Amino acid sequence: MKAIPSRRWHAVAMLLIVMGAAGHPTPIPANDDSASAAITLGVGGTYRTGAWTPVVVRLPKPGDGTVRIAVEDPDGQFVSSPSVTVADGGMTAVACVRPGRPHVRVRVLATGKGGETEITLLDAPRGEATPSTTPLMLLVGTLSAAESAARLVSGDGVPMEVVPLNGTPAADTSNARDFDAFDAAIVCGTALANLDGATVEGIDGWVRGGGRLVLCAGASAPVLAEAGDPAAGWLPGGPPRLVPLRSVGAIEAFARASGLASRLPPAGLLVPKFASPAGVVEAFDGASATELPLVVRRAHGFGTITWIGLDLDSPWCASWPGCDRLLAALLGGRSESDQTVTSVGDADRRVPDFAGQLRVALDTFDADDNHAATRPVPFEVIVGVGLLYCLALYPCDWWLVRRSGRPWLSWITLPVIAGGFAAAAWGLGAAWGRDGPPRARAADITDFDAVSGLVRGSAWSAVRSPSNAVLDIGIAAGPRADVAACDAAVSWCADRGTGFAGVDAAMANASLASADYAYGDSLADLVAVPIAAASSRLFEAGWTGQARGPIAESTLARDARGLLTGRVTSRLPFPVETCWLVHGGWLYDVGRMEPGDTYDTEAGRGPRSLAAGLTRRTAVGDRDRTERWDAASTDVGRILEVAGLHAAAGAELYTGLTAGRLGRLDLSPLITADRAMLVGTVPDGQLSTWRVRLRDADTDATLAVAPAAMSIVRLMVPVGTTAPARETSP
């Protein structure tokens, strides 16, 4: 009888081992075809965890049908791409996937006359992917100073990794989504001839979707302008003519470095001159900015292009010690990540970044007239209950049984302790809304570019199920967005980094509903996504389209003080409430704008500080009081409001959080260039349409998606550099 306690502990240990094995499925071994199959991932051989990635699979033998390519999500479940037709004589398949694990595994499923068969299950050629928290910069050309510039831009944060691309990549990169992993790009005009047209179109789409591009095109600019491909649109004007540069003092002042003049070629330097460059001139030679612009920054869709009229890959400049400082200035200057963050204390760091705070906020289902509140059980509570359970078993139970001298009591105490904690766990689940009905909620931001007609939608959704089920979920532009075509993609939503359930974690997040799932006919629909009882799944999506009609009319211009003058008229087919007009560091209160309404900067309320408006700064006596950012807040609308202008609000100095994947929403660089933004809310419906269908053993229902916050609409309008003549009364 004295051996019974040790047997009990042996049984408990065996149970824990079995549970651990059940939480980590055994990998499926590769078949004989795996040795001859070739897989190419990423751009320039680089790919990042959690980012959309191009993949090319070279099949071991010709196929006669279609192929699905699958990678793992953060839970270790394989997600299959839409079916792609095998090209190149039935040997090559190309797709776009989103790896959710640091060690990328690729599964290829081929469908032919004999049905669907698994060809191979391989590790990726490079093994570990670049961590999701590591910023990446694409380099087209050869610039030895790019590495140093990347370190300067990163400051004391995570160093930016430079990915060179000196020729056509092995993986197909014709879609903007293929460059999702990159945070910035430097392109040398002399190297663009080495890229094919599809890759240039992909980079152009990435910039228009929110990318940051630096174009170094001096004497190569006329050739670039004559090419006629999308890269010609990266220049700040029409076909330029080459003129001699008298002095490089403006470039040295811009870079805050000297010694460039002594390195110029003996024959002098020719730089391009545009008749009427578009954008903000940041460096020029001559008496005025319009005489000979050398550095011009402007908006391109929802991204920015900074052009410099020098070929920085030329030998005379590449060896200049100040070239790295010049590149860093072109990329936006030194990072502020090394400055002291004072707004958020260590106790409030419960989320890894701004995107993580949005994920937690969406996963909290507030109470309404028909539903009680449901929210995730805090991780601290789960850990606390587990520790108490361990302490109750040992040393408490062990000590009591040993002290009593009656080992047979363990047959009573063990069931009592286990049953008590099981009841406590059940009660905690009920207190947090375990038994609530299935629910779905979503939030979105929709951006309109009045210049190009481009429309971009960003959306997030959380779906909760009370029972074990599968769900089909899809995304599309809503009818109110009124776009002619829509390219949409939906995917899982998870935190960056190595934290619990993060995409860089060493072990996959153990899921109670472990099963593979797949896309439908396109990336806009996921089919049969497993969801465990009393749990939720989160998704993020994006779509782009072209507006059918005009978006806005603007005569806005920036005067010598940096203030706006002129008028802007909304041509959106729906009203927008609580509008702001923002440009530079100023905010104009507009109010409600109906379709066709016009706002005049002279007739409206005068400008106030944009940073004060975003941080809700108020005057208290003779001091300004800023509303402290709450990293534990679940106000979805407020999170998206600040995320959309994160840098203008002070970035990490205000929120204490990096932007994460929400960094692509930050349009602060555009409003300091040649764009102004009308931003407001649409309370009576979202501009992104979610389709959610939940299926379990008893039901098959389409869920109504409730808005987690009012939809945010942002309308980008052009701003001139010279104020137009104002009309006068007769």
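Residue numbers (the working numbering): 39 to 768.
Note that the Cβ used here is the ideal one computed from N, Cα and C, for glycine as well.
On a predicted model such as this, the values are computed, not experimentally measured, just so you know.
C-beta contact flag for residue i and residue j at 8 Å
i	j	result
P611	D520	yes
P274	V178	no
T582	S749	no
L176	V81	yes
A669	L700	no
T536	A543	yes
G297	G360	yes
L396	I677	yes
I513	S726	yes
A566	D510	yes
A585	G491	yes
G227	L253	yes
F116	V109	yes
A507	I569	yes
V541	A553	no
I224	A184	yes
T87	L79	no
For residue j and residue i, the rounded distance between their alpha carbons
i	j	result
P645	P315	28 Å
S560	N204	31 Å
D635	G127	57 Å
D435	R702	54 Å
Y557	P98	24 Å
R143	T104	20 Å
T737	V318	58 Å
G266	P282	25 Å
V201	S119	26 Å
G193	S186	11 Å
A548	V421	15 Å
G622	M715	10 Å
T759	S592	13 Å
P756	P268	20 Å
L753	G243	19 Å
V132	A236	14 Å
P721	R363	46 Å
E374	D487	Low confidence applies here, because E374 scores a pLDDT of 43, under 50, leaving its location unreliable; read the following figure in that light. So the two alpha carbons sit approximately 29 Å from each other.
D662	A735	58 Å
G600	A288	22 Å
V191	T171	15 Å
R246	R733	38 Å
F292	T130	48 Å
G723	G114	35 Å
The alpha helix (DSSP H) enclosing residue i, as first and last residue numbers
i	result
A236	G235 to R246
A259	A259 to A265
G287	G287 to A293
W436	W436 to S442
R605	Per DSSP, R605 belongs to no alpha helix (DSSP H); it is in the beta strand (DSSP E), R605 to S608.
S300	Per DSSP, S300 belongs to no alpha helix (DSSP H) and is neither H nor E.
G769	Because the chain is modelled from 39 through 768, residue 769 falls outside the range shown and cannot be assessed.
S186	A184 to S192
V398	F392 to L400
Element boundaries [beta strand (DSSP E), containing residue i]
i	result
E795	Limits of the chain in this structure are 39 at one end and 768 at the other, which puts residue 795 out of reach.
Y637	T636 to D638
C226	A222 to C226
S499	L492 to S503
W38	Missing from the structure shown is residue 38; the chain here goes from 39 to 768 and no further.
S529	V521 to W530
G718	R713 to V720
D349	No beta strand (DSSP E) contains D349, which DSSP labels as neither H nor E.
A566	D563 to I569
Which residues DSSP lists as bridging residue i, in chain order
i	result
V252	I224 and T344
F116	E110
H621	W624
K311	R279
A514	T727
Y555	V117
S326	Per DSSP, none; premise fails for S326.
P92	C134
D482	A497
Inset, instruction - Examine the Cβ distances between the stretch 324-344 and the stretch 136-143 and report whether three or more of them are shorter than 8 Å. - result: no
Inset, instruction - Check whether the stretch 671-691 touches the stretch 440-459, taking contact to mean three or more Cβ pairs, one atom from each stretch, closer than 8 Å. - result: no
Legend entry - Inter-stretch contact (C-beta, 8 Å, three-pair minimum) for the stretch 440-451 and the stretch 703-719: no
Legend entry - Touching by the beta-carbon criterion (3+ pairs, under 8 Å), the stretch 298-306 and the stretch 351-370: yes
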